[in-house]
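Quick note: the sequence shown uses the numbering used here, first residue 35, plus one each step. C-beta atoms are modelled at their ideal positions from N, C-alpha and C, and glycine is treated no differently. Fair warning: this is a prediction, and the values are worked out from it, not measured in the lab.
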Amino acid sequence: HELSAKKAGNLTKSETHFQCYGLSGARGEAESGFRTVRTQALPVFNRVVQEHDDTHLALLQTLLHLMAWNDDTNLVSRGGLEGLYYVQQQAQKLLWQGGVLVEGGIEAMQSLDDELILRNLSPGGSADLLAVTWFLSHFPAGSLYPE
């Protein structure tokens with residue numbers, strides 16, 4: 035892999051995350067064809083839109099899923115692996131309670147946001163993947179080889 039060939043003194047944050055923790059970040063997500071978006075985020079987004087006819091609610095629920103399962107290197111930059119794991123655990127906890135789809139869910143997500151601000155933790159990588167999810171949701175996949 036080309037990242038392992040660079041000298042440590044010239045590494046970007048993303049390259050350091052890859053070497054130290056095996057986290058591939060935005061580059062890895064792009065190289066995988068946005069696997070996280072295709073296999074996790076889009077199915078959640080589409081299901082919530084279909085069941086609730088509410089794009090805003092779908093975006094919030096999808097962001098929670100991304101925060102829960104994405105190895106967000108922006109969080110690692112701000113809070114180390116401890117910060118990443120904290121955010122993942124808190125997002126998973128909210129999802130187990132129903133996320134924003136249950137009464138009080140949006141308020142619970144707002145409380146989590148307030149806590150993350152206090153801790154200077156920003157799930158920016160997950161937010162970026164949410165933007166990709168929203169964009170791709172406007173282009174539903176058709177036949178791979180149209181006739």
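* From the DSSP output, in three-state form, read off residue 85 for me. => Against the sequence shown, residue 85 aligns to sequence position 51. Of the three classes helix, strand and coil, the one that applies to residue 85 here is helix, per DSSP.
* **Same chain, Cβ closer than 7 Å to residue 168, neighbours up to 5 away in sequence not counted** => The count along the sequence shown starts at 1 and reaches residue 168 at position 134. Excluding positions up to five away in sequence, the list reads 93.
* Would you please verify whether the beta carbon of residue 89 is less than 8 Å from any beta carbon of chain C? => The chain labelled as chain C is not found in the depicted structure, where only one protein chain is given.
* Asked: What span of residues does the alpha helix (DSSP H) with residue 111 cover, start to end?
  -> Looking up residue 111 in the sequence shown gives position 77. Per DSSP, the continuous alpha helix (DSSP H) segment holding residue 111 begins and ends at 107–130.
* Asked: Do residue 59 and residue 159 have their CB atoms nearer than 8 Å?
  -> Translated into positions along the sequence shown, residue 59 becomes position 25. Translated into positions along the sequence shown, residue 159 becomes position 125. It is a contact, given that the beta carbons lie within the stated cut-off.
* Simplified DSSP assignment, three categories, for residue 77 -> Taking the first residue of the sequence shown as position 1, residue 77 is located at position 43. DSSP places residue 77 in helix when its eight states are reduced to three.
* **For residue 177, three-class secondary structure by DSSP** => Taking the first residue of the sequence shown as 1, we reach residue 177 at position 143. Any reading at residue 177 must be qualified, since the residue scores a pLDDT of 48, below 50, and its modelled position is unreliable; the value itself is stated next. Coil, per DSSP.
* Answer with buried or exposed for residue 138, where buried requires no fewer than 16 other C-beta atoms within 10 angstroms of its C-beta. => Here residue 138 is taken as the residue at index 104 of the sequence shown, counted from 1. The residue in question, residue 138, is exposed, as its Cβ has fewer than 16 Cβ neighbours within 10 Å.
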